[in-house]
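Each remark here refers to the structure printed beneath this line.
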Amino acid sequence: AATKKGQEGPPPRRVVVTAGPTREYIDPVRYLSNESSGLMGFEIAKAAAERGDDVVLIAGPVHQPTPDGVTRVDVTSARDMLEALREHFPECDVLIMAAAVADFRPKRRLAGKWRKKDDGTDTATIELVKNPDLLATIARRKGERLVVGFALETGDGVRRALGKMRRKNADFVVLNDASALGATTTSVTVLGRDGSAREIRGRSKSHVARHLVRLERPRTAAAGR
Ligand code: CTP
Ligand code: CA
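If you read the sequence shown in full-length UniProt numbering, its first letter stands for residue 13, the second for the next number, and so on.
As structure tokens, then:
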């Protein structure tokens with residue numbers, strides 16, 4: 013049952029949610045990012061707060077109103093998000109990693125504007141380096157915490173999503189399709205370490221969010237998954 017602060021009952025769960033894209037700057041005015049609107053993560057934060065959880069929402073650059081009762085931490089880059097996770101993960105019971113973290117960042121961020129050269133060439137190259145895998149890094153030693161990752165896939169989804177769940181030490185992975193980016197409805201398959209698979213087709217992100225905040229840590233880890 014939901015427990016409001018200041019009332020009797022078990023202490024509220026402490027939930028950390030990440031949402032939105034990250035932004036990786038090339039120079040002071042240009043960046044690499046992606047289509048994530050942040051809506052899924054914001055709906056998760058809202059659904060968790062509504063059931064009485066203490067919620068910290070770590071958000072990339074998005075235009076979304078902060079849900080009532082939610083503590084919001086705004087970040088820009090993947091490395092900023094990792095820093096915020098390092099601060100808030102140790103204190104949490106549940107992590108739901110809905111952010112669309114940029115996989116790469118420019119190797120160098122120029123201090124001044126990147127200018128075209130008048131040397132006759134009409135191509136340019138930006139050297140990229142891999143960002144750290146935030147979920148894998150932070151969930152490596154997760155103890156008793158419930159960890160839920162997302163997997164954005166185009167085709168051949170289940171196998172890849174299960175691989176991500178294992179590699180990142182998550183209890184569940186929410187498989188969704190690239191068509192979910194920027195949309196208000198989504199179709200997902202929630203895959204569990206216990207071998208469970210729950211499909212939710214064409215529902216609002218708030219509906220999916222209410223399902224996700226009710227997940228509990230699987231008791232047994234199925235062998236071979
Ligand atoms: N994720 C992360 N840090 C990254 C990349 C992804 O924490 N640098 C998290 C996402 O927030 C998500 C999960 O990992 O919860 C899966 O993200 P996804 O982009 O689907 O997988 P990747 O591991 O990045 O693999 P790829 O994009 O190459 O398929
Ligand atoms: Ca990725």
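Cβ atoms here follow ideal geometry from the backbone N, Cα and C, with glycine treated the same way.
Please confirm if F54 has its CB atom under 7 Å from at least one CB of chain D. This model lacks chain D altogether; it includes just one protein chain.
Whole-angstrom distance between D131 and V28, CA atom to CA atom: The count along the sequence shown starts at 1 and reaches residue 28 at position 16. The count along the sequence shown starts at 1 and reaches residue 131 at position 119. Near 50 Å, if we compare the C-alpha coordinates of D131 and V28.
Would the beta-carbon of T109 be found less than 6 Å away from any heavy atom of ligand 1? As a working note, residue 109 is residue 97 in the sequence shown. It is worth fixing the name first, because residue 109 is Met in this sequence and not Thr. Yes, the Cβ of M109 comes within 6 Å of a heavy atom of ligand 1.
A59 versus Y43, T78 and R42, residue with shortest Cα-Cα distance: As a first step, residue 59 is located in the sequence shown; it is residue number 47 there, counting from the start. Considering only alpha carbons, the answer is T78.
When the distance is taken between beta carbons, is T198 closer than 7 Å to K180? Here residue 180 refers to the residue found at position 168 when the sequence shown is read from its first residue. Here residue 198 refers to the residue found at position 186 when the sequence shown is read from its first residue. Not closer than 7 Å, so no.
Could you tell me whether the Cβ atoms of L203 and L146 are closer together than 7 Å? Here residue 203 corresponds to residue number 191 of the sequence shown, with the count starting at 1. Here residue 146 corresponds to residue number 134 of the sequence shown, with the count starting at 1. Contact flag unset, no.
According to DSSP, simplified to helix, strand and coil, what is S48? Position 36 of the sequence shown holds residue 48. Three-state result, S48: coil.
Whole angstroms is fine: what's the gap from G161's alpha carbon to C104's? Along the sequence shown, read from residue 1 onward, the residue named residue 161 stands at position 149. Along the sequence shown, read from residue 1 onward, the residue named residue 104 stands at position 92. Rounded to the nearest angstrom, the two C-alpha atoms are 15 Å apart.
Within the continuous beta strand (DSSP E) that includes S216, where are the two ends? In the sequence shown, counting from the first residue as 1, residue 216 sits at position 204. Here the beta strand (DSSP E) through S216 covers A209 to S216.
Could you tell me if V41 is buried or exposed, where buried requires 16 or more neighbouring beta carbons within 10 angstroms of its beta carbon? Working through the sequence shown from its first residue, we reach residue 41 at position 29. V41 should be labelled exposed.
In the DSSP assignment, find the unbroken alpha helix (DSSP H) run with G169 in it and report its ends. As a first step, residue 169 is located in the sequence shown; it is residue number 157 there, counting from the start. Element bounds for G169: G169 to R179.
So what does P33 bridge to, in DSSP terms? In the sequence shown, the residue the question calls residue 33 occupies position 21. Paired residue(s): A112.
Taking 6 Å as the cut-off, does the CB of F54 come closer than this to any heavy atom belonging to ligand 1? One-based indexing of the sequence shown puts residue 54 at position 42. Not so, every heavy atom of ligand 1 lies at least 6 Å from the Cβ.
Leaving out the 5 sequence neighbours to the left and right, which residues in its chain are closer than 8 Å to A90 when beta-carbon positions are compared? Here the question's residue 90 lines up with position 78 in the sequence shown. Closer than 8 Å at Cβ, skipping near neighbours: T34, E36, V113, A114, R117, N143, P144 and L146.
May I ask you to report which of helix, strand or coil DSSP gives G161? Counted from its first residue, the sequence shown places residue 161 at position 149. Here G161 sits in strand by DSSP.
Return the first residue and the last residue of the alpha helix (DSSP H) that R152 is part of. Along the sequence shown, read from residue 1 onward, the residue named residue 152 stands at position 140. Segment: none, R152 is in no alpha helix (DSSP H) and carries neither H nor E.
Any heavy atom of ligand 2 inside 6 Å of the beta-carbon of D168? In the sequence shown, the residue the question calls residue 168 occupies position 156. Outside the cutoff, so no.
List the residues that DSSP assigns as beta-bridge partners of A195. Your numbering for residue 195 matches position 183 in the sequence shown. Looking at the DSSP assignment, A195 forms no beta bridge with any residue, so it has no partner.
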